[in-house]
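Colleague: To start, I am sharing the structure in question, which I have written as structure tokens.
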Amino acid sequence: MRPTQVVLLMYYSLTLSFAVAATIFAYVNFAWSVVALLLTFGFSSWSLAAIRHATEEHNPYLVWSEKIALLGIMIFVPLIFISNILTALLALIFCAVFALNFQLFDFRRLYIGLAASLMGICVGAAHTKSGAYFWYFYCYMPLAALVLAYAHLSQQAPPPSGRWWRGGQQLGVIGLLVVSASTIYLVLPRLPAGNLGGHPGSGVFYREKAWENQAEQHSNLEGEALARALDQLPTTDSPESSEQRDDPLQTKDPFKNPEPAPEAAVLPESTAAEETTQGTSHDQQEGDENRQTIASDAKELDLSRHSDKATPLVGNPIIAYVTATQPLYLRSHIYDIFDGQRWSSSSSANLKVKVDRRGLLLSQPEPGTSLVSYDIELAARLPAAVPLAAVVSRLRFPATALSVDKFGQISAPGPLSSGTRYSAESVVSHIQGRVFSELPWQAPGQYLQLPDELDTRIAALAAQLTSQAPTQLAAAIMLEQHLRNNYRYSFESIFISPGVTPLKEFLFETKQGHCEYFASALAILLRTQKIPARLVTGYSASQQNPLTGLYEIHALDAHAWVEAYVDRLGWVQLEPTAYYQMPQTTATPLSVELINRYVEQTLATHGALPSAATTWEDTAFQLWQSSVLAIVTLLALGKLFWLSTWLFWLLTAGLTVAGYFLWQKIKPEWQIKRLFRDAVNQAQAQPSQAMDIYLAAIEGILALAGQPRAPGLTIEQFTQQLRRQFGDLETERMSRHFNIKHYHQRPTLAVELNSDDYAHLLGHIHKLGFKGVVQQVKIVNPTS
Amino acid sequence: MSNSGLGTLELPPPVALFLARHCNLHRVLLALTLALFFIAWNRGLALLYGLFSFLLALLLLSYGLPLLQLRQLRVGLRAQGEFRVGQNATIECQLWAPSPRHHLSVRVALPFAEGGVTNAFFAEAHTASIQRLNLACELRGCFTLREVEVESRYPFGIFTYRRKIAITPLEVLVLPAIVLLSCSPQGQVGDDNSLGALLTHRTGGQGEFASIRDYRAGDELRHIHWTASARAGALVVKEYEHRNHAQLLVVVNTRPEFNVGEGNNASFELAIRLVGALVARATQEGIPSYLAADDNWQLAVPAYAGDLYPVYELLARLRCEGRRPYTDSVGEACLRHPHAHMLVTLRTEHEPIPSPISTRCTHVDLLLDSKSFRFPAQIEPTNRGLRDGQRLTYRLRANTQLEDLFQ
Numbered sequence: 000m001r002p003t004q005v006v007l008l009m010y011y012s013l014t015l016s017f018a019v020a021a022t023i024f025a026y027v028n029f030a031w032s033v034v035a036l037l038l039t040f041g042f043s044s045w046s047l048a049a050i051r052h053a054t055e056e057h058n059p060y061l062v063w064s065e066k067i068a069l070l071g072i073m074i075f076v077p078l079i080f081i082s083n084i085l086t087a088l089l090a091l092i093f094c095a096v097f098a099l100n101f102q103l104f105d106f107r108r109l110y111i112g113l114a115a116s117l118m119g120i121c122v123g124a125a126h127t128k129s130g131a132y133f134w135y136f137y138c139y140m141p142l143a144a145l146v147l148a149y150a151h152l153s154q155q156a157p158p159p160s161g162r163w164w165r166g167g168q169q170l171g172v173i174g175l176l177v178v179s180a181s182t183i184y185l186v187l188p189r190l191p192a193g194n195l196g197g198h199p200g201s202g203v204f205y206r207e208k209a210w211e212n213q214a215e216q217h218s219n220l221e222g223e224a225l226a227r228a229l230d231q232l233p234t235t236d237s238p239e240s241s242e243q244r245d246d247p248l249q250t251k252d253p254f255k256n257p258e259p260a261p262e263a264a265v266l267p268e269s270t271a272a273e274e275t276t277q278g279t280s281h282d283q284q285e286g287d288e289n290r291q292t293i294a295s296d297a298k299e300l301d302l303s304r305h306s307d308k309a310t311p312l313v314g315n316p317i318i319a320y321v322t323a324t325q326p327l328y329l330r331s332h333i334y335d336i337f338d339g340q341r342w343s344s345s346s347s348a349n350l351k352v353k354v355d356r357r358g359l360l361l362s363q364p365e366p367g368t369s370l371v372s373y374d375i376e377l378a379a380r381l382p383a384a385v386p387l388a389a390v391v392s393r394l395r396f397p398a399t400a401l402s403v404d405k406f407g408q409i410s411a412p413g414p415l416s417s418g419t420r421y422s423a424e425s426v427v428s429h430i431q432g433r434v435f436s437e438l439p440w441q442a443p444g445q446y447l448q449l450p451d452e453l454d455t456r457i458a459a460l461a462a463q464l465t466s467q468a469p470t471q472l473a474a475a476i477m478l479e480q481h482l483r484n485n486y487r488y489s490f491e492s493i494f495i496s497p498g499v500t501p502l503k504e505f506l507f508e509t510k511q512g513h514c515e516y517f518a519s520a521l522a523i524l525l526r527t528q529k530i531p532a533r534l535v536t537g538y539s540a541s542q543q544n545p546l547t548g549l550y551e552i553h554a555l556d557a558h559a560w561v562e563a564y565v566d567r568l569g570w571v572q573l574e575p576t577a578y579y580q581m582p583q584t585t586a587t588p589l590s591v592e593l594i595n596r597y598v599e600q601t602l603a604t605h606g607a608l609p610s611a612a613t614t615w616e617d618t619a620f621q622l623w624q625s626s627v628l629a630i631v632t633l634l635a636l637g638k639l640f641w642l643s644t645w646l647f648w649l650l651t652a653g654l655t656v657a658g659y660f661l662w663q664k665i666k667p668e669w670q671i672k673r674l675f676r677d678a679v680n681q682a683q684a685q686p687s688q689a690m691d692i693y694l695a696a697i698e699g700i701l702a703l704a705g706q707p708r709a710p711g712l713t714i715e716q717f718t719q720q721l722r723r724q725f726g727d728l729e730t731e732r733m734s735r736h737f738n739i740k741h742y743h744q745r746p747t748l749a750v751e752l753n754s755d756d757y758a759h760l761l762g763h764i765h766k767l768g769f770k771g772v773v774q775q776v777k778i779v780n781p782t783s
Numbered sequence: 000m001s002n003s004g005l006g007t008l009e010l011p012p013p014v015a016l017f018l019a020r021h022c023n024l025h026r027v028l029l030a031l032t033l034a035l036f037f038i039a040w041n042r043g044l045a046l047l048y049g050l051f052s053f054l055l056a057l058l059l060l061s062y063g064l065p066l067l068q069l070r071q072l073r074v075g076l077r078a079q080g081e082f083r084v085g086q087n088a089t090i091e092c093q094l095w096a097p098s099p100r101h102h103l104s105v106r107v108a109l110p111f112a113e114g115g116v117t118n119a120f121f122a123e124a125h126t127a128s129i130q131r132l133n134l135a136c137e138l139r140g141c142f143t144l145r146e147v148e149v150e151s152r153y154p155f156g157i158f159t160y161r162r163k164i165a166i167t168p169l170e171v172l173v174l175p176a177i178v179l180l181s182c183s184p185q186g187q188v189g190d191d192n193s194l195g196a197l198l199t200h201r202t203g204g205q206g207e208f209a210s211i212r213d214y215r216a217g218d219e220l221r222h223i224h225w226t227a228s229a230r231a232g233a234l235v236v237k238e239y240e241h242r243n244h245a246q247l248l249v250v251v252n253t254r255p256e257f258n259v260g261e262g263n264n265a266s267f268e269l270a271i272r273l274v275g276a277l278v279a280r281a282t283q284e285g286i287p288s289y290l291a292a293d294d295n296w297q298l299a300v301p302a303y304a305g306d307l308y309p310v311y312e313l314l315a316r317l318r319c320e321g322r323r324p325y326t327d328s329v330g331e332a333c334l335r336h337p338h339a340h341m342l343v344t345l346r347t348e349h350e351p352i353p354s355p356i357s358t359r360c361t362h363v364d365l366l367l368d369s370k371s372f373r374f375p376a377q378i379e380p381t382n383r384g385l386r387d388g389q390r391l392t393y394r395l396r397a398n399t400q401l402e403d404l405f406q
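In order, the protein sequences belong to chains A and B.
Residues in the first sequence are numbered consecutively from 0, following numbering that gives the first Met the number 0.
Residues in the second sequence are numbered consecutively from 0, following numbering that gives the first Met the number 0.
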């Protein structure tokens with residue numbers, strides 16, 4: 000075994016170890032990935048060291064190889080039933096790689112092992128939702144590159160010095176690889192997902208027999224027919240009655256109520272986030288089993304629990320991941336009735352519809368409309384309302400039947416479990432940079448309802464603000480901007496008045512509140528100006544993780560906003576809360592932009608959350624969040640270099656290139672002068688070595704001119720060449736003097752060490768200058 | 000580790016052939032990169048974009064860095080020592096680069112060496128890095144090396160760039176292999192014929208006493224030194240200076256039709272080896288030799304010549320491209336050297352027997368069996384010399400052991 004192979008096998012073991020650790024990280028967690036890393040490295044090193052004296056024909060460890068391959072099959076079969084085929088294949092592949100370790104006698108097997116480890120990394124990358132997975136790439140790829148390099152070196156004859164590759168050189172190459180890969184990653188545009196071959200399936204499935212029976216009655220309802228059927232659904236006129244009938248805390252459980260009423264007909268205490276929060280106390284009081292589960296899942300969301308300041312809130316966990324081509328606002332509930340303090344919905348009934356393999360077709364998109372396709376995977380338990388972007392065209396949901404209310408909002412038979420994955424296509428229109436949705440079966444007139452005792456100042460304020468607005472859309476935007484610019488977001492207000500909007504105080508006194516205040520205020524301001532408006536709750540999927548590319552919905556992304564029916568164009572989405580960024584119409588393709596946006600949003604979230612930690616779990620989580628933020632912030636510096644200062648860097652690059660070419664012009668002349676000056680000075684200092692000094696200078700100048708002294712050229716041949724190039728020279732004398740100096744044993748006379756010929760030639764060359772020397776060289780050797 | 004095949008994995012021949020021809024590390028990596036991009040795009044997996052970036056960077060560096068390594072390179076070759084067929088030789092390869100370069104492989108085409116190509120791998124090369132290429136010479140001749148091919152796969156061995164670099168022409172003279180004859184053909188000639196007649200065709204006495212030596216078959220009885228023999232207990236003969244007047248004339252057949260077979264096993268190559276061996280033996284025995292070929296190629300080798308390099312050098316340069324009929328060449332050589340006591344000619348059975356001009360000259364006719372050179376695997380015994388008057392004919396085959404030919 001040659002030394003390079005020792006290094007090679009060590010790097011190979013490390014590469015395999017990181018591949019295994021990465022997949023374990025993707026499927027389990029970080030701690031187990033560290034354990035897997037250590038175990039794999041130990042095992043791989045041992046197996047490779049064990050076979051170092053074995054040969055293909057006489058391999059005592061072949062039985063180990065067979066046993067590990069058999070073990071792989073034994074793991075593979077149960078994993079197919081327990082998990083999925085991909086996980087089972089992954090286990091089989093890694094077992095095959097470990098088995099191959101005992102037969103690693105040729106380089107192709109090593110390459111196969113490397114390719115298998117790359118597949119493992121890829122599967123892990125497809126499975127994980129954590130951006131920290133990226134750091135496994137940073138460990139794996141340089142190691143894999145080193146394995147390739149040393150495999151190449153091991154196939155060469157060993158150098159006489161015994162040194163293949165300097166450590167510094169290796170580091171340089173690996174550094175270059177990492178920098179190049181990072182640069183490519185930062186500037187690489189991400190194309191919208193193709194989704195060829197369908198959407199990934201879900202691990203959770205919802206089934207409710209009663210709903211299926213009801214859905215059988217409407218089995219042919221699709222598209223326009225479904226819209227018409229929804230339009231005929233009865234409505235609730237008064238907020239009181241709807242509050243009585245549609246109390247979500249009494250009617251939400253589909254498993255206990257064979258005829259479940261539409262859920263969440265009354266806006267809970269606050270927005271959807273608070274909905275889960277408030278659910279906690281009710282769950283504990285009422286002992287409802289299902290809600291208990293929701294509450295336990297949403298324990299960190301229990302903001303009211305931390306509202307006493309002694310135990311400040313820590314953490315803002317992710318509740319869902321969205322794969323989409325653009326940021327989305329996902330609707331859960333629509334509210335159209337406001338009693339002065341609370342919002343409720345007039346939609347009191349719903350339809351049960353069947354879901355088949357093709358999914359549920361809610362509306363047929365018109366030709367030319369832009370469809371947005373997206374996948375959602377839940378990471379926490381949520382209420383039964385399915386968050387979707389308006390207006391849903393087709394929904395693929397893992398259920399046999401779904402409920403659709405008058406507003407087109409969809410609910411599942413039960414609370415949505417963590418791990419539920421569904422996909423949908425929504426028609427999203429953009430007019431004047433705003434997101435519009437159209438619901439043709441809706442009657443906008445009902446959205447002008449105002450509370451009985453509405454402060455007159457509100458209407459006056461709205462009139463004053465919109466006096467110059469030429470259109471309804473312009474008026475809506477003016478009101479939205481007024482709230483965004485003149486009112487402050489306050490996280491604490493969620494706990495001060497949960498579920499209640501003190502509109503008058505918010506607009507004219509405190510001027511601070513959370514999203515529900517802003518949304519309520521805008522909706523009422525719009526209605527005073529005869530612009531139909533409604534309040535929508537749901538989730539803002541606008542924070543895209545730049546590393547995973549997924550939109551992460553955190554607990555704080557549960558949100559309320561406003562939709563207004565303007566100018567007979569449809570429902571425009573309005574975002575009055577300044578804390579949230581305006582809805583983006585397109586996704587940013589560049590990673591640097593994504594990173595920058597992610598950092599800004601994360602910083603804003605951190606600013607809104609109380610930061611002190613109480614338990615060690617909170618502290619650890621906060622540390623982890625901080626470290627991730629720090630790393631992502633470092634990556635965000637790319638924007639400074641690539642975007643913010645791009646003109647400076649472009650100019651610098653241009654000047655550098657120009658300077659380089661200029662220097663290339665000047666450099667030879669300067670070098671010739673320096674060589675001549677140094678040679679003259681050195682020759683004066685060491686007269687006995689003058690001949691060699693002059694000769695070295697002549698050789699140096701010729702090398703600059705593109706014709707270095709050829710290896711193996713004797714002094715006689717070299718002086719002949721010089722004579723052909725630079726005219727009449729005493730070549731014989733020059734050669735003789737050189738040979739006497741270097742090869743004669745007897746004492747030499749001063750005349751025999753005469754270096755005048757060389758000095759004369761050097762002076763002549765110096766006078767010719769670089770261009771002259773090049774010309775002379777070309778005359779004699781045109782190919783030079 | 001070896002780089003051979005897939006070990007015990009037996010693939011169907013068409014698949015194995017396809018893989019061997021089209022599947023290499025670069026293509027596999029390129030396909031993996033494209034596949035990864037497709038998966039990343041299709042599923043919208045940003046993390047796979049990261050992995051794709053790494054693979055792309057790996058490929059880009061593999062495309063770019065070798066080009067930098069191959070810039071401004073100069074290569075020189077220098078032959079070290081003597082190059083002779085059947086022996087190992089060394090060529091010094093010097094790589095010159097203005098700045099440090101890494102993992103460069105210099106590929107030198109050597110038509111005379113085993114394999115035809117040799118590689119010198121420079122793990123790190125700077126101003127004048129030297130590597131020695133050890134090679135086994137297989138072909139006699141004079142070869143001029145004018146260019147080398149420098150190859151770089153730096154740093155990952157994924158993609159190969161090659162660049163041909165002209166070098167100062169290096170002439171390599173590969174001498175024919177040395178064959179040591181255990182006996183010269185003259186001894187056998189003397190057995191049946193009067194060696195004295197051969198040696199005393201000149202008028203005058205036997206010459207001055209030179210030394211004594213062991214008796215060999217064919218020596219005249221009158222030259223036996225009886226006293227010395229009695230003392231030594233074995234027959235010892237006297238040698239006289241007159242043996243120096245004996246001359247060996249070898250006329251090499253350079254007609255293209257004489258060259259049958261391939262490479263070093265061709266009939267012409269065997270003839271060259273044999274000629275070298277004959278001259279060496281004659282010189283060792285104190286007999287001057289004359290070598291002739293075609294019409295303008297003559298060389299006189301004095302007796303007891305210490306350095307036979309010129310002989311081998313000329314033999315190394317000899318090519319089988321003669322245009323003159325071989326019989327004419329033999330005739331002219333005999334005219335130029337009428338005193339030669341032994342004429343050696345070489346021919347195949349398809350060529351006529353050349354006749355010596357002088358009737359007193361012993362003619363050693365070396366007949367090369369062309370069939371055996373066409374089919375060297377057919378081994379047949381070599382027959383002994385057949386005498387026909389002054390002509391002694393030896394039939395040589397491709398597998399003939401030259402050392403014992405005249406024993």
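The C-beta atom is built at its ideal place from N, Cα and C for all residues, glycine as well.
From A:Arg526, A:Ala702, A:Thr547, A:Arg487, pick the residue whose C-alpha is nearest to that of Ala462 of chain A; which is it?
Modeller: Your numbering for residue 462 of chain A matches position 463 in the first sequence. Nearest C-alpha to Ala462 of chain A: A:Arg526.
Colleague: Measuring only from the beta carbon, is His741 of chain A closer than 7 angstroms to any heavy atom that is part of the ligand GTP?
Modeller: Here there are no bound small molecules, and the ligand GTP is not part of this structure.
Colleague: Relative to the alpha-carbon of Gln213 of chain A, which residue among A:Ser402, A:Tyr334, A:Gln685 has its alpha-carbon at the smallest distance?
Modeller: For this step, residue 213 of chain A is matched to residue 214 along the first sequence. When each option's Cα is compared against that of Gln213 of chain A, the closest is A:Ser402.
Colleague: Contact defined as beta carbons within less than 8 angstroms: I believe Glu414 of chain B pairs with Arg131 of chain B. What is the distance between those atoms, to the nearest angstrom?
Modeller: Since the first residue of chain B shown is 0 and the last is 406, residue 414 of chain B is not available in this structure.
Colleague: Which residues in chain B have a C-beta closer than 7 angstroms to the C-beta of Phe133 of chain A? List them in chain order.
Modeller: Looking up residue 133 of chain A in the first sequence gives position 134. Those within 7 angstroms of Phe133 of chain A in chain B are Leu46, Gly49.
Colleague: For Trp63 of chain A, would you say it is in contact with chain B, using Cβ-to-Cβ distances shorter than 8 angstroms as the test?
Modeller: Locating residue 63 of chain A in the first sequence gives position 64, counting from the first residue. Not one chain B Cβ lies under 8 angstroms of Trp63 of chain A.
Colleague: Helix, strand or coil, according to DSSP, for Ile81 of chain A in the structure here?
Modeller: By one-based count along the first sequence, residue 81 of chain A stands at place 82. In the structure shown, Ile81 of chain A sits in a helix (DSSP, three-state: H, G or I).
Colleague: Using beta-carbon positions only, say whether Gly275 of chain B and Leu234 of chain B come within less than 8 angstroms of one another.
Modeller: Reading the second sequence from its first residue, position 276 is the one you call residue 275 of chain B. Reading the second sequence from its first residue, position 235 is the one you call residue 234 of chain B. Contact flag unset, no.
Colleague: Closest by CA to Asn252 of chain B, which one among B:Ala231, B:Arg221, B:Ala122, B:Ser266?
Modeller: Within the second sequence, the letter at position 253 stands for residue 252 of chain B. Comparing Cα-Cα distances from Asn252 of chain B to each of B:Ala231, B:Arg221, B:Ala122, B:Ser266, the minimum goes to B:Ser266.
Colleague: From B:His362, B:Leu174, B:Leu179, B:His101, pick the residue whose C-alpha is nearest to that of Gly166 of chain A; which is it?
Modeller: Taking the first residue of the first sequence as position 1, residue 166 of chain A is located at position 167. Gly166 of chain A has its Cα closest to that of B:His101, out of B:His362, B:Leu174, B:Leu179, B:His101.
Colleague: DSSP state of Pro157 of chain A, grouped into three classes?
Modeller: Working through the first sequence from its first residue, we reach residue 157 of chain A at position 158. Three-state result, Pro157 of chain A: coil.
Colleague: Using 8 angstroms as the Cβ pair cut-off and three pairs as the minimum, do the region 122-137 of chain A and the region 97-106 of chain A touch?
Modeller: They do not touch, by the three-pair rule.
Colleague: If we ignore side chains and look at the alpha-carbon of each, how far apart do Ile318 of chain A and Phe97 of chain A end up?
Modeller: Stepping through the first sequence from its first residue, residue 318 of chain A is reached at position 319. Stepping through the first sequence from its first residue, residue 97 of chain A is reached at position 98. Cα to Cα, Ile318 of chain A sits roughly 38 angstroms from Phe97 of chain A.
Colleague: Nearest-angstrom Cα distance between Ser306 of chain A and Gly63 of chain B?
Modeller: Along the first sequence, one-based indexing puts residue 306 of chain A at 307. Along the second sequence, one-based indexing puts residue 63 of chain B at 64. For Ser306 of chain A, the predicted structure reports a pLDDT of 34, less than 50, and the residue's modelled location is therefore unreliable. The matter cannot be settled from this model.
Colleague: Cβ closer than 7 angstroms: which chain B residues qualify as neighbours of Met140 of chain A?
Modeller: Numbered from 1 along the first sequence, position 141 holds the residue referred to as residue 140 of chain A. The contacting residues are Phe53.
Colleague: When DSSP labels each residue in this structure, what does Met733 of chain A get in the three-state scheme?
Modeller: Here residue 733 of chain A refers to the residue found at position 734 when the first sequence is read from its first residue. In the structure shown, Met733 of chain A sits in a helix (DSSP, three-state: H, G or I).
Colleague: Output needed for Val178 of chain A: all residues of its chain with C-beta closer than 7 angstroms, excluding positions within five of it in sequence on either side, in chain order.
Modeller: Along the first sequence, read from residue 1 onward, the residue named residue 178 of chain A stands at position 179. So the list is empty, once near-sequence residues are dropped.
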